[in-house]
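First residue of the sequence shown: 163, per the working numbering; consecutive thereafter.
Note that CB positions come from ideal geometry on N, CA and C, so glycine has one too.
A quick note: this is a predicted structure, and the numbers were derived from the prediction, not measured.
To start, the structure under review is shown below, and the notes come after it.
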Amino acid sequence: MMKRIQLFITTIILLFAIQSSVIAQTSKITETFKQHFNETVQKVHETEDHQEKRSILNKSYSNMITALDHIEQKTNLTDEEIHQLHSYKNEIAEKQNELNGLDGFSEVQDEDLLEFSEYSQQYFEQANRTITLSVTTALLIIVIILLLA
163 MMKRIQLFIT
173 TIILLFAIQS
183 SVIAQTSKIT
193 ETFKQHFNET
203 VQKVHETEDH
213 QEKRSILNKS
223 YSNMITALDH
233 IEQKTNLTDE
243 EIHQLHSYKN
253 EIAEKQNELN
263 GLDGFSEVQD
273 EDLLEFSEYS
283 QQYFEQANRT
293 ITLSVTTALL
303 IIVIILLLA
């Protein structure tokens, strides 16, 4: 009888620990993207060449979109999770289009690239979104971003 009680208590503790981990991972996904883009802005600040600045920004946007595409293809997501990913991916693509003067936007001028990178960083920092995905999906995002960097 005592072993059953211990097993039951251990199981309950493990379930709470796993649930806490899942909740923590949901916030880490958006934090991972924010951190990635913060590093991008630092790289833009470190270079003087306008073409390189534009290239750094384009690569960062493309990597984020590619990571989201891989997540969508390689995981079993709910309809809500797919909707969240598409929404986030569209926001990133819109910033990339704005940078390059596509889809009705005027191209960001070379002398404005630093300000645009900071504007994009603020946009991602202030965006009030929570992407709730499984722990496995969260870890996959982190790995893909690291591999693409």
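Burial state of residue i (16 or more Cβ within 10 Å)
| i | result |
| --- | --- |
| GLU260 | buried |
| THR240 | exposed |
| LEU275 | buried |
| LYS236 | exposed |
| SER268 | exposed |
| SER279 | buried |
6 Å CB neighbourhood of residue i in its chain, flanking five on each side removed
| i | result |
| --- | --- |
| GLN213 | none |
| GLN258 | TYR223 |
| SER182 | At SER182 the pLDDT is 47, less than 50, meaning the model places this residue with poor confidence; the figure from the coordinates comes in the next sentence. Correct list: empty, nothing qualifies. |
| LYS215 | VAL206, THR209, LEU275 |
Where the alpha helix (DSSP H) through residue i begins and ends
| i | result |
| --- | --- |
| GLN271 | Unbroken run through GLN271: none, as it is neither H nor E. |
| ASP241 | 241-262 |
Three-state secondary structure (DSSP) of residue i
| i | result |
| --- | --- |
| ASP231 | helix |
| ASN238 | coil |
| GLU210 | coil |
Beta-carbon proximity list for residue i, same chain, < 8 Å, skipping 5 on both sides
| i | result |
| --- | --- |
| LYS205 | ILE218 |
| HIS199 | Per the sequence shown, residue 199 should be read as Phe rather than His. Correct list, in chain order: SER222, MET226, SER282, GLN283, PHE286. |
Nonlocal neighbours in the same chain, by C-beta distance under 7 Å from residue i, ignoring five residues either side
| i | result |
| --- | --- |
| ALA255 | ILE227 |
| ASP313 | Since the first and last residues shown for the chain are 163 and 311, residue 313 lies out of range. |
| VAL203 | SER279, GLU280, GLN283 |
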